[in-house]
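Right, one structure below, let's go through it.
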Amino acid sequence: MRAVRPAAAFWRSALAVSVAASLALGLHAAPGRTAPPEQSAQAVAAPADVASYRLSAVLDPTTKQVLGTGRMRFTNPGERPVEELWVRLYLNAFRSASTPWMREAIAQFRGAVFDPAAPGSIDVTVLRRADTGRDLALEPMDEGATIARVQLDRPLDPGATLDLDVAWTARLPRVFARTGFGGPDDRFFMVGQWYPKFAAFDRGRWDTEPWHANAEFFHDFGTYDLEVTAPAEFVIGASGVRVGEDTVADGQRTARFRAEGVTDVAWTAWPGFSVVQSEVDVGGRSVQLEVLLPPAEMPRQERHVAAAARSVQLFSRWYGAYPWPKLTVVVPPPGAEGAGGMEYPTLVATGGALGLPSPVEATLRDIETVTVHEVAHQWFPMQVQSNEAREAWLDEGFSDYLTIRALRTLFPGNASFLDLGPARLDYADIQRAAAMTAIRQPLTTPSWEIATFNRYGAAMYGKGSSALLTLEGRFGDEPFTAAMRAYADGWRWQHPTITDFQDSLRERLGADVDLFFEQFVRGTRTLDYAVTSLEPARATVMQRGDGAWPVAVALELADGTREIRAWDGADALTVEPGSGGRELRAVAIDPERRVAIETERLDNARTLAPDAGPRLALVVRWMGLLQALLQAVGQVG
Amino acid sequence: MNTFLLLGNSAPRAARSWPLALALYVPSAILAFIAGTPFFLGLEALAASGTLLARAATGDVVLVVLEVGLAVLAAPSGTPPAAVRALGVGSGVSVALLGAAVLVQGCLYNLVAGGVMHSLGVSSDARGFSWTVARGWFWPMLRLGFEGVLALGTGAAVVVAVVAVLPLGAWAAPVSAVALLGWLALGNGWLELARAELVHGGTRSAWRSIGRAGLRLVQSRAHMGSLVAAWLLLGLTAVLYWSLVGPLAAVVPASAVLGSALAQQAALIGSAWLKLLRLALAVEVVLHAPAGRRYRERVRPGEGAAVL
Chain A
1 MRAVRPAAAF WRSALAVSVA ASLALGLHAA PGRTAPPEQS AQAVAAPADV ASYRLSAVLD
61 PTTKQVLGTG RMRFTNPGER PVEELWVRLY LNAFRSASTP WMREAIAQFR GAVFDPAAPG
121 SIDVTVLRRA DTGRDLALEP MDEGATIARV QLDRPLDPGA TLDLDVAWTA RLPRVFARTG
181 FGGPDDRFFM VGQWYPKFAA FDRGRWDTEP WHANAEFFHD FGTYDLEVTA PAEFVIGASG
241 VRVGEDTVAD GQRTARFRAE GVTDVAWTAW PGFSVVQSEV DVGGRSVQLE VLLPPAEMPR
301 QERHVAAAAR SVQLFSRWYG AYPWPKLTVV VPPPGAEGAG GMEYPTLVAT GGALGLPSPV
361 EATLRDIETV TVHEVAHQWF PMQVQSNEAR EAWLDEGFSD YLTIRALRTL FPGNASFLDL
421 GPARLDYADI QRAAAMTAIR QPLTTPSWEI ATFNRYGAAM YGKGSSALLT LEGRFGDEPF
481 TAAMRAYADG WRWQHPTITD FQDSLRERLG ADVDLFFEQF VRGTRTLDYA VTSLEPARAT
541 VMQRGDGAWP VAVALELADG TREIRAWDGA DALTVEPGSG GRELRAVAID PERRVAIETE
601 RLDNARTLAP DAGPRLALVV RWMGLLQALL QAVGQVG
Chain B
638 MNTFLLLGNS APRAARSWPL ALALYVPSAI LAFIAGTPFF LGLEALAASG TLLARAATGD
698 VVLVVLEVGL AVLAAPSGTP PAAVRALGVG SGVSVALLGA AVLVQGCLYN LVAGGVMHSL
758 GVSSDARGFS WTVARGWFWP MLRLGFEGVL ALGTGAAVVV AVVAVLPLGA WAAPVSAVAL
818 LGWLALGNGW LELARAELVH GGTRSAWRSI GRAGLRLVQS RAHMGSLVAA WLLLGLTAVL
878 YWSLVGPLAA VVPASAVLGS ALAQQAALIG SAWLKLLRLA LAVEVVLHAP AGRRYRERVR
938 PGEGAAVL
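Chains as they are written, first to last, in our numbering: chain A, 1 to 637; chain B, 638 to 945.
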């Protein structure tokens, strides 16, 4: 999701079991045994089905309800029989303004305010074993009934499959927290988290944590067959690929979709969509790109398409080929912006332009940033399905790190977010600034343990992406990309934890990884390098934070030569220019700004011979601005 | 008198009197220098911290502002580093001085405006800026300026409010900008005409000069059309001028500060001359445009004599 979330040490004891089971199923190579990553975009294997669905949805635009029927199939991936199922009922979080979810969110989400007159809910009317026809009971397990337990009448053996027939009514809220109706005439629908859904079953356990306001999702892979029926004038888009032509009968349109190797499906319907189709070449394979746009965004359709297409290609090259045949991009219309900035497997909801004057809008990568971020989620966590709620760093921090890399590639020159004349800005610097407001927040904190959404965002998006940038800066672009690729290849279609990620990185990059994780991922330490003194004969640098991390120190000598010295970033260091009458002129710690999590950089450099040019240039610019303002304002009439 | 005849007569008048543009330019130059100096001093400590200012000077201003903000955030016990404190004080004083400078600039403009208007209207042998004349018109000009600012501001607010309630959708922002610029071009023109009425129309009353300017404006549809078109054309010229010159003036490479500063000042002098052209247009209208019947009836005989 566009904004932000967090995590903790998680099911480590079951790691060995999981790896063994995975190997037995031939799903992935164990961490540490991954083959060297190929910097190509070849297609990757599909996962085994654990939770699959056949869903039929009928949209009633008047009542804002979806009538659903279908069959849910669970295959026990564990090594022991399963005696109960856990089912998530997300929409119940929006049943009223007083649910636990709403109390956590204070009835607002990313600036959108909950409309108590248009709440959301899900009521399961049928839950029945397909094999015996026996009805099963859903037992809500939290106050908000966002998760429920189903006691089986007989255990399900390892590898065995259970089909449940289900019927339900989903009442959609006014667009809130990614889902609902809104837009012109309230006829836009973004339908996510809308059906009864198995909780994730990983490493022999159900994920039973109720849904929280800052939390996202965590599910098993499976195959989905989806059928959506809506009034004929609606344009329908959904996860997966469209199967056959839409059928229209009695004024109703029915569209069918199929998605394989995914953890979820979402869909959208609105009469006003314009559909832009294109193809993206991914390592010689063609991926269909479908962009659903409101009319107001049509003049910018090329930006939407290019952002999605280029990011699919870049991420395919870096982290493995986009594995599905299609990607759908949904741009919500005005009035339904709360549905945007969200990822689902093979479908992302992004956002339109901010409505700034055209010359400014053209210099701002708002569309690109959101689109690239959501597309990045197609790798983390849609392929490498970590627990987004418990360990959000592996989800949002990773996606923002990927976004930073992609935007830098697409818009180089330190202007990946803003390129407005003398004011330019890299997206990484925005995240670095955000990170500093939560720099002591461990990245292992579960999302629900972080009180506010802002802090959650600062930690998981800001500190999360900055931490990965710092690792990249330490080990180098190519080696770190290779390590990330190895992690993705090793854990694709699995449920890795932060520990698994750490193990994977250590395997390729060495023990320094542990030093970093203990201090800045699990710990609360900070870095603040400083040049504390500079004389021609020596300079002193020291660490003012309570952490330590290796960094380069650049020396500029009076004769114009430059030297780079390595420093462990822990103990104070005195550097000297060496013999032969050489003298220091300037010293700079981390001259290439590789340590993105450093709290303060102003004291990272010092010079004995300041260059007057930049100072004068800034002042002349400032004075010119003042003078123009005085002429404009002070000469009225 | 049509638009092009108006402008055709005004432009030579402004061109012949080009040194008067310096009277409009110099106060802003002095005030900007005064207001900018604390900023220069405040940057001294930061200049010793290596390449940070160089980054700012080459386009990373926002980044450097972010880093300064983060230094404040990271400061133990809320005390930012000395370089940040110095920059904060320098910038703060500079901004505060800017606020004062706007007021002073307003007063200085009203001080020179009478002299400029007078010089633009007298015969060529008597042309030249007179401080005595300027001082004599100061208080009426200041009153007109004060009332003019209120009128322009109120009008601008009304324009924005009207555009805001129109169902323009995505067009609201550009329509609002165009409407606002149009209003400023017309409102400014009216006030300039009022200043010309003040000096050459024979009244020392700010309100009366504004009223007379309005009367002169509506005396005939053709006249009003010409004048409105001329003001809009000059407004458009100013917008185009700053669109072309502004970015150039904003680029100040650290390796060519002097040349850039001179280019910047040349651009600002050019802007001052455009203002002079607007004032010359107002003088041209008051001195030479035929007054309509309604105007002649409202202006009593003898009122036309300058009172100095």
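Each residue gets a CB set at the ideal place from its N, CA and C atoms; glycine is no exception.
Since I believe E388 (chain A) is in contact with E216 (chain A) (beta carbons under 8 Å), could you give me their beta-carbon distance rounded to a whole number of angstroms?
Within the first sequence, the letter at position 216 stands for residue 216 (chain A). Within the first sequence, the letter at position 388 stands for residue 388 (chain A). The Cβ separation is near 4 Å, so the contact holds.
Would V645 (chain A) count as contacting chain B if we go by Cβ distances under 8 Å?
Outside the displayed span of chain A (1 to 637) sits residue 645 (chain A), for which this structure offers no information.
The alpha helix (DSSP H) enclosing F189 (chain A), as first and last residue numbers
By one-based count along the first sequence, residue 189 (chain A) stands at place 189. Not the alpha helix (DSSP H): F189 (chain A) falls in the beta strand (DSSP E), residues 188-191.
Same chain, Cβ closer than 6 Å to V175 (chain A), neighbours up to 5 away in sequence not counted
By 1-based counting over the first sequence, the position of residue 175 (chain A) is 175. Closer than 6 Å at Cβ, skipping near neighbours: G182, A336, G338, A339.
For chain A, check one thing: does any of its Cβ atoms lie closer than 8 Å to the Cβ of G696 (chain B)?
Walking along the second sequence from the start, residue 696 (chain B) turns up at place 59. Yes, contact with chain A.
Cutoff 8 Å: E600 (chain A) Cβ touching any chain B Cβ
Counting from 1 along the first sequence, the entry for residue 600 (chain A) is found at position 600. So, interface residue.
Within chain A, partners of R832 (chain B) - CB distance below 9 Å:
Your numbering for residue 832 (chain B) matches position 195 in the second sequence. Going along chain A in sequence order, the residues near R832 (chain B) (Cβ under 9 Å) are G637.
What are the residues in the segment 725-757 of chain B lying within 7 Å of chain A by C-beta distance?
L735, A738, V739, Q742, G743, Y746
Let me know the secondary structure DSSP gives Y53 (chain A) once reduced to three states.
Locating residue 53 (chain A) in the first sequence gives position 53, where the first residue counts as 1. Of the three classes helix, strand and coil, the one that applies to Y53 (chain A) here is strand, per DSSP.
Reduced DSSP category for S465 (chain A) - H, G, I as helix; E, B as strand; rest coil:
The residue you call residue 465 (chain A) lines up with position 465 of the first sequence. S465 (chain A) falls in the helix class under three-state DSSP.
Using C-beta distances below 7 Å, list every residue in its chain close to G578 (chain A), excluding the 5 sequence neighbours before and after it, in chain order.
Counting from 1 along the first sequence, the entry for residue 578 (chain A) is found at position 578. Cβ neighbours of G578 (chain A) beyond the five flanking positions: none.
From D514 (chain A) to R492 (chain A), what distance separates their C-alpha atoms?
Taking the first sequence and counting its residues from 1, the one referred to as residue 514 (chain A) is at position 514. Taking the first sequence and counting its residues from 1, the one referred to as residue 492 (chain A) is at position 492. Roughly 23 Å between the two C-alpha positions.
Any chain B beta carbon closer than 8 Å to G580 (chain A)
Here residue 580 (chain A) refers to the residue found at position 580 when the first sequence is read from its first residue. So, not an interface residue.
Which residue or residues does DSSP assign as beta-bridge partners of A552 (chain A)?
Translated into the one-based positions of the first sequence, residue 552 (chain A) becomes position 552. The partner list for A552 (chain A) (beta bridge, DSSP) reads A:A566.
Residues of chain A with CB closer than 9 Å to the CB of F677 (chain B), please, in chain order.
On the second sequence, position 40 is the one that residue 677 (chain B) refers to. Result: R615, L616, L618, V619, W622, M623.
Determine, using beta carbons only, whether A831 (chain B) and S846 (chain B) come nearer to each other than 8 Å.
Along the second sequence, read from residue 1 onward, the residue named residue 831 (chain B) stands at position 194. Along the second sequence, read from residue 1 onward, the residue named residue 846 (chain B) stands at position 209. Yes, they are a contact pair.
Three-state secondary structure assigned by DSSP to R845 (chain B)
The residue given as residue 845 (chain B) occupies position 208 in the second sequence. In this structure, R845 (chain B) counts as helix in the three-state DSSP scheme.
Which whole-angstrom value is the C-beta distance of P327 (chain A) and A307 (chain A), which I expect to be below 8 Å?
Counted from its first residue, the first sequence places residue 327 (chain A) at position 327. Counted from its first residue, the first sequence places residue 307 (chain A) at position 307. Contrary to the premise, residue 327 (chain A) reads as Leu rather than Pro in this sequence. Actually they do not touch by this definition, with Cβ atoms about 12 Å apart.
Compute the distance between the beta-carbons of G251 (chain A) and A232 (chain A), then report whether it is under 8 Å.
By 1-based counting over the first sequence, the position of residue 251 (chain A) is 251. By 1-based counting over the first sequence, the position of residue 232 (chain A) is 232. Cβ distance < 8 Å, so G251 (chain A) and A232 (chain A) count as in contact.
Whole-angstrom distance between V531 (chain A) and V587 (chain A), CA atom to CA atom
Position 587 of the first sequence, counted from the first residue, corresponds to residue 587 (chain A). Position 531 of the first sequence, counted from the first residue, corresponds to residue 531 (chain A). So the alpha carbons of these two residues sit roughly 8 Å apart.
Excluding five sequence neighbours on each side, which residues of the same chain lie with their C-beta closer than 6 Å to the C-beta of Y322 (chain A)?
Sequence index remark: in the first sequence, residue 322 (chain A) carries index 322 (1-based). Closer than 6 Å at Cβ, skipping near neighbours: V282, V287, V312, S316.
Extract the residue ranges of the alpha helix (DSSP H) inside the segment 287-324 of chain A, only unbroken runs of 4 or more that lie entirely within it.
301-319
Given this structure, state the Cα-to-Cα distance separating D163 (chain A) from F201 (chain A), to the nearest angstrom.
Reading the first sequence from its first residue, position 163 is the one you call residue 163 (chain A). Reading the first sequence from its first residue, position 201 is the one you call residue 201 (chain A). Going by the C-alpha atoms only, they are around 16 Å apart.
Buried versus exposed call for N639 (chain B) [16 or more other C-beta atoms within 10 Å across all chains shown]
The count along the second sequence starts at 1 and reaches residue 639 (chain B) at position 2. The residue in question, N639 (chain B), is exposed, as its Cβ has fewer than 16 Cβ neighbours within 10 Å.
Classify A349 (chain A) as helix, strand or coil using the three-state DSSP reduction.
In the first sequence, residue 349 (chain A) corresponds to position 349, counting from 1. A349 (chain A): strand per DSSP, three-state reduction.
Member of A:T369, A:W448, A:A539, A:Q383 whose CA lies at the smallest distance from the CA of Y427 (chain A)
Reading the first sequence from its first residue, position 427 is the one you call residue 427 (chain A). Measuring from the Cα of Y427 (chain A), the nearest candidate turns out to be A:T369.
Could you tell me the distance, in whole angstroms, from the CA atom of L724 (chain B) to the CA atom of R565 (chain A)?
The sequence position of residue 724 (chain B) within the second sequence is 87, counting from 1. The sequence position of residue 565 (chain A) within the first sequence is 565, counting from 1. When rounded, the distance between both Cα atoms is 31 Å.
How many angstroms separate the CA atom of A672 (chain B) from the CA atom of V620 (chain A)?
Reading the second sequence from its first residue, position 35 is the one you call residue 672 (chain B). Reading the first sequence from its first residue, position 620 is the one you call residue 620 (chain A). Their backbone Cα atoms lie some 12 Å apart in a straight line.
Just mark D220 (chain A) as buried or exposed, buried being the case when its beta carbon has 16 or more other beta carbons within 10 Å.
Position 220 of the first sequence holds residue 220 (chain A). With 16 or more other Cβ atoms within 10 Å, it is buried.
Short check: CB of L854 (chain B) to CB of W827 (chain B), under 8 Å?
Taking the first residue of the second sequence as 1, we reach residue 854 (chain B) at position 217. Taking the first residue of the second sequence as 1, we reach residue 827 (chain B) at position 190. Going by C-beta atoms, L854 (chain B) is nearer than 8 Å to W827 (chain B).
When Cβ atoms are compared, which residues of the segment 638-657 of chain B fall closer than 7 Å to chain A?
none
Within the same chain, show all residues whose beta-carbon is closer than 8 Å to that of A738 (chain B), passing over the 5 residues directly before and after it, in chain order.
Residue 738 (chain B) sits at position 101 when you count from the first residue of the second sequence. Cβ within range, chain order: L668, A669, I671, A672.
Would you say V595 (chain A) faces chain C, with C-beta separation under 8 Å as the test?
Looking for chain C here will not work: the only protein chains present are A and B.
Does the segment 194-214 of chain A come into contact with the segment 79-99 of chain A, if we say contact requires no fewer than three beta-carbon pairs (one atom in each stretch) closer than 8 Å?
yes
Could you work out which residues of chain A lie near F670 (chain B), taking near to mean beta carbons separated by less than 7 Å?
Within the second sequence, the letter at position 33 stands for residue 670 (chain B). M623, listed in chain order.
In this structure, what does DSSP give as the bridge partners for T840 (chain B)?
Here residue 840 (chain B) refers to the residue found at position 203 when the second sequence is read from its first residue. The partner list for T840 (chain B) (beta bridge, DSSP) is empty, contrary to what the question assumes.
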